[in-house]
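Contents: one structure, followed by commentary.
There are 2 protein chains.
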Amino acid sequence: MTQTMTRIALASRPEGKPGPENFRLETLPLPTPGPGEFLARVVWLSLDPYMRGRMSAAKSYAKPVEVGATMEGGAVAQVITSNTPAFAPGDYVVGNFGWASHAVSTGEGVQKIDPDAAPLSTALGVLGMPGLTAWVGLNDIAGAKSGETIVVSAATGAVGSLVGQLARAKGMRTIGIAGGADKCAYATAELGYDVCLDHHAADTRTLSQQIAEAAPTGVDVYFENTGGKPLEAVLPRMNTHGRIALCGMIAWYSGIEGAPPAPAVWGAILRQRLRVQGFIIFDHFNRAPAFRAEVAPLVKSGAIRYRETVAEGLAQAPAAFLSLLEGGNFGKQLVRIAPARA
Amino acid sequence: MTQTMTRIALASRPEGKPGPENFRLETLPLPTPGPGEFLARVVWLSLDPYMRGRMSAAKSYAKPVEVGATMEGGAVAQVITSNTPAFAPGDYVVGNFGWASHAVSTGEGVQKIDPDAAPLSTALGVLGMPGLTAWVGLNDIAGAKSGETIVVSAATGAVGSLVGQLARAKGMRTIGIAGGADKCAYATAELGYDVCLDHHAADTRTLSQQIAEAAPTGVDVYFENTGGKPLEAVLPRMNTHGRIALCGMIAWYSGIEGAPPAPAVWGAILRQRLRVQGFIIFDHFNRAPAFRAEVAPLVKSGAIRYRETVAEGLAQAPAAFLSLLEGGNFGKQLVRIAPARA
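Protein sequence lines, in the order shown, are assigned to chains A and B. As numbered in the numbering used here, residues 7 to 348 make up the first sequence, in order. As numbered in the numbering used here, residues 7 to 348 make up the second sequence, in order.
In C-alpha cells form, the structure reads like this:
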C-alpha cells in the first residue's frame with residue numbers, strides 16, 4: 007500500500023475563464039480511517055460542468071470549494087480498509103470522493119456498485135448522475151410527450167446524449183445542437199437524433215432558421231445545457247405552452263459567449279406562455295430507483311449508447327476539465343485514476 | 007341618436023416609445039347592425055399595457071392591430087338596437103368593442119352585466135380581466151400558499167393591487183414595489199401590503215437590499231408585471247424552488263429601462279431551481295366563474311379595495327394610454343366615453 011496520496015487542490019479562484027494556475031497537484035500522507043470510516047482508492051473520477059460553479063465564491067446551490075481544499079467530484083473507488091460493517095475491503099463504491107487518489111469516508115452518500123453488472127465507469131455517466139439528470143429533466147421537469155419536438159443543446163454531452171436517446175424512444179422528434187461535424191455525425195448515426203445542427207459550422211442560415219427548418223411544427227421542449235447561442239436561436243421557435251428544462255448553461259459559466267438581452271428571453275416566455283424550470287439533480291435522488299429500473303436494462307442490452315472521453319491520471323484532471331468547459335470532450339468526461347483491479 | 011361615431015385608429019406603428027402621432031381620432035358614419043348583430047354605445051373603455059404589443063407588427067400572442075384600423079380594447083357598452091334575441095336594447099355588456107364611441111357586434115365574446123350588482127366599470131377592472139389575471143396568476147400559475155412571502159411589482163396597478171389583497175387574505179407576507187410615495191402609501195394603507203418599496207425614492211440601499219430586509223426569510227413568489235429593475239432586484243432574493251408568475255413586462259415594452267444580463271436571469275433560475283411561467287389571461291377564461299364566485303362578494307362587501315384613474319372622453323384615450331405606459335395611472339386606467347345612462 008502506498009503511504010502517500012495525491013490530490014488536486016483549488017489553488018485560487020478564477021476571474022472569468024479558469025486556467026491551469028487555479029489548480030495545484032499535491033502529495034499528502036495517506037490518511038487513516040477513523041471509527042466508522044473506510045479508506046478507498048479512487049479508480050474513476052468524473053468531471054462535470056457544475057464544478058466550475060464550485061470554484062467561485064458566488065452564491066450557488068452548493069458551498070464553494072475553499073481555496074486550498076480538494077476539488078470536489080464524484081468518483082468510483084474501491085475500499086481498501088474499513089472500520090464500518092457497511093463496507094468491506096474490495097467493495098466498489100460511488101460517491102463524492104473528490105479529485106484525489108484516495109479518500110476517507112463515513113459512507114454517507116456512498117452507494118455500492120456491482121462491477122459485473124456494467125462497466126464501472128457507467129456509474130458516473132449513463133447510469134449515474136448525468137443519466138439521472140437526463141431522465142428527470144425529460145420526464146419530471148419538461149413533461150415530454152410522444153409526438154412532440156425536442157431540441158437538446160450539448161446534444162452529445164454526458165446528459166444530452168441520453169436525453170436524445172430517451173426522447174427518441176418516447177416517440178419524439180429529436181433535434182440536437184452540438185459543436186463540430188464529428189459530434190453531429192455521432193449524434194445522428196449513433197444516438198439516433200433526427201437532425202443535428204452544428205453551431206460551429208459556417209452556414210448562410212442562422213441557427214434559428216436551421217431550427218425552424220428542422221422543426222416544421224415548432225419546438226415543444228427545449229432541454230437547456232448551454233445558454234448562449236443555442237438559447238437565443240431556439241426561443242423564437244418555441245411553441246405556445248412549450249417547456250424549457252434548464253439543466254445547465256455551460257456557454258456562460260466563464261462568461262465567454264454572447265447572450266440575448268433579458269427582455270427577449272422574458273418576452274418569449276410571456277408571449278409563448280413558456281414554463282421554464284431550473285433543476286439540480288441533488289433534489290431528485292429519490293427518482294434514482296425508477297430511473298435505473300428503466301434505463302439499466304437498455305444500457306445492458308446496448309439499446310442505449312454512450313461514449314466516454316478518458317484522461318489518464320490525476321495530474322491530467324485540470325487540463326481535461328478546462329477542455330470540458332470549452333466543449334473538448336466527446337460524451338462523458340472521465341479521468342482514470344488507477345486500474346479497476348488493484 | 008347620433009348619425010356619426012368616433013374612433014381612435016392606429017395611425018402608424020411606433021418605433022420604440024409610442025407617441026401621440028401613432029394615433030388618429032376619426033369621425034365615421036354610424037354603422038347599421040346586420041342580421042344577428044347589435045349596435046351599442048360605449049360607456050367605459052379599458053386601457054391596458056398589452057395594447058402596446060398590438061401596436062407592433064412583431065410576433066405576439068395576438069394579431070397586431072392593422073395600421074388604419076380601430077385600436078382594440080375591452081369596454082363596457084349599452085345596446086342601442088339589436089337584431090339578435092340574445093341582446094336587447096338597454097342591456098349593458100362587456101366585450102372587445104375597441105377605442106370607439108360605438109360598436110357593432112355579433113355578441114361573440116360578449117357578456118351581459120348587471121348594472122346594479124356593482125359599478126359598471128368594475129367589469130373592466132377588479133371583476134374583469136385584470137382581476138381574473140391576478141387571481142389565476144396567484145393561484146394557478148404561482149401556486150401561492152399561506153405563510154409564504156410574495157413580491158408584487160406594479161403593486162398598485164390594476165392587476166397588482168388585487169394580487170396583493172388576495173395574497174394577504176391567503177396569509178402571505180406581501181411586499182409591493184411601486185413608483186412613487188403616493189402609490190406606496192396607498193399600497194400599505196389601503197391595499198394592506200406589509201411593505202411597499204418605492205423604486206423612485208432615493209435610498210442608500212439598493213432595491214435588492216431593501217427586498218432582503220423586507221423579506222427576512224426570502225421570497226417564495228414573485229408576481230412579475232414589470233421586468234426591469236424590480237426583476238433584477240428580486241432575483242437574488244428568490245428562495246430555492248421559488249416561482250415567478252410572468253404576467254407582464256411593462257418596463258420593457260418600449261425599451262426604456264435597463265435590464266439584467268440574460269446569464270444572470272438564467273443563472274438564478276438554475277441555481278435556485280425556480281419555476282418561471284409566462285401566462286396570458288386569454289388561456290384561462292374557464293376559471294372566470296370560480297374567480298367571480300370568490301372575489302365578487304369581497305368587492306361588494308368592500309373587503310377588496312380598488313382605485314380607478316379616469317380620463318374623460320375618447321379624444322383623451324391616447325394621452326391616457328401613453329401615461330399608463332409611464333406608470334402615470336393609479337389603479338385601473340379607464341376612459342369614460344359616455345354617461346352610463348343615455
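Every residue gets a Cβ at the ideal spot worked out from N, C-alpha and C, and that includes glycine.
Using a beta-carbon distance cut-off of less than 9 Å, what residues from the region 270-289 of chain A approach chain B? Ala-270, Val-271, Trp-272, Gly-273, Ala-274, Ile-275, Leu-276, Arg-277, Gln-278, Arg-279, Leu-280, Arg-281, Val-282, Gln-283, Gly-284, Phe-285, Ile-286, Asp-289
So Ala-268/B contacts chain A; which residues on that side make the cut at Cβ distance below 7 Å? Ala-265, Pro-266, Pro-267, Ala-268, Val-271
Less than 8 Å between the CB atoms is what I'm expecting for Glu-39/B and Thr-76/B, so what's the real figure, rounded? The sequence given here has Pro at residue 39/B, not Glu. In fact, because the Cβ distance is near 16 Å, the residues do not count as touching under 8 Å.
Answer yes or no: do Val-225/A and Thr-155/A have a C-beta to C-beta separation smaller than 9 Å? yes
Pick out whichever of Ala-265/B, Gln-84/B, Gly-319/B has its Cα sitting closest to the Cα of Ser-111/B. Gln-84/B
Complete alpha helix (DSSP H) runs within the region 241-294 of chain B (minimum length 4 residues, chain order): 268-277
Return yes when the Cβ of Ala-251/A is within less than 9 Å of the Cβ of Gln-283/A, no when it is not. yes
At least one CB of chain A closer than 9 Å to the CB of Trp-141/B: is that the case? no
DSSP bridge partner residues for Tyr-98/B (one or two, in chain order): Within the DSSP bridge table, the entry for Tyr-98/B names Gln-84/B, Ile-119/B as partners.
Return the CA-CA distance between Arg-342/B and Val-49/B, expressed in angstroms with no decimal places. 6 Å
Determine the DSSP secondary structure at Gln-9/A, reduced to helix, strand or coil. Per DSSP, reduced to three states, the secondary structure at Gln-9/A is coil, with no helix or strand assignment.
Alpha-carbon to alpha-carbon, Ser-62/B and Pro-37/B: Those two C-alpha atoms are separated by around 28 Å.
Would DSSP call Asp-188/A helix, strand or coil? helix
I want to know whether the region 287-297 of chain A touches the region 316-333 of chain A - three or more CB-CB distances under 8 Å. no
Just checking my contact of Glu-78/B with Arg-60/B at CB under 8 Å: how many whole Å lie between their CB atoms? 6 Å
Any C-beta of chain A under 9 Å from that of Gly-254/B: yes
Please confirm if the region 176-188 of chain B is in contact with the region 261-280 of chain B, defined as three or more CB-CB distances below 8 Å between the two stretches. Between the region 176-188 of chain B and the region 261-280 of chain B there are fewer than three inter-stretch CB-CB distances shorter than 8 Å, so the stretches are not counted as touching.
Starting from Trp-50/A, trace the beta strand (DSSP E) in both directions and tell me its first and last residue. 44-52
Measure from the C-beta of Gly-333/A to each C-beta in chain B and report whether the shortest distance is under 9 Å. Cβ-Cβ to chain B under 9 Å: no for Gly-333/A.
Close Cβ partners of Glu-314/B (< 7 Å) along its chain, the five nearest in sequence each way excluded: Here the set comprises Ser-127, Gly-131, Gly-337, Lys-338, Leu-340.
In the DSSP assignment, find the alpha helix (DSSP H) that holds Gln-171/A and state where it starts and stops. From DSSP, the alpha helix (DSSP H) with Gln-171/A extends over 166-175.
Contact check, Leu-144/B vs Val-227/B, beta carbons under 9 Å: yes
In the region 224-235 of chain B, which residues sit with their C-beta less than 7 Å from some C-beta in chain A, listed in chain order? Gly-233
Using only alpha-carbon positions, find the residue among Val-116/B, Gly-149/B, Ala-348/B, Pro-324/B that is nearest to Pro-24/B. Pro-324/B
Using a C-beta to C-beta distance shorter than 8 Å, which residues of chain A count as neighbours of Trp-258/B? Residues of chain A with a Cβ closer than 8 Å to the Cβ of Trp-258/B are, in chain order, Pro-269, Trp-272, Gly-273.
For Gln-278/A, which of Thr-246/A, Leu-53/A, Phe-29/A has the nearest alpha-carbon? Thr-246/A
Is DSSP giving Ala-109/B helix, strand or coil here? strand
Between Leu-237/A and chain B, is the shortest Cβ-Cβ distance under 9 Å, so that the two count as touching? yes
Going by DSSP, what residue range makes up the beta strand (DSSP E) through Tyr-228/A? 225-230
Quick check: is the beta carbon of Gly-22/B nearer than 9 Å to any beta carbon in chain A? no
Sort Thr-223/A, Ala-220/A, Gly-264/A by Cα distance to Leu-237/A and report the nearest one. Gly-264/A
If you measure from the beta carbon of Gly-131/B to each beta carbon in chain A, is any gap under 9 Å? no
Between Lys-176/B and Ala-150/B, which are expected to be in contact by the criterion C-beta below 8 Å, what is the C-beta distance as a whole number of angstroms? 6 Å
For a cutoff of 9 Å on Cβ pairs, would you count Gly-59/B as touching chain A? yes
Quick one: residues in its chain with C-beta nearer than 6 Å to the C-beta of Arg-281/A, no 5 flanking neighbours on either side, listed in chain order? Arg-249
Inter-residue spacing [alpha-carbon to alpha-carbon] between Pro-26/B and Leu-328/B: 8 Å
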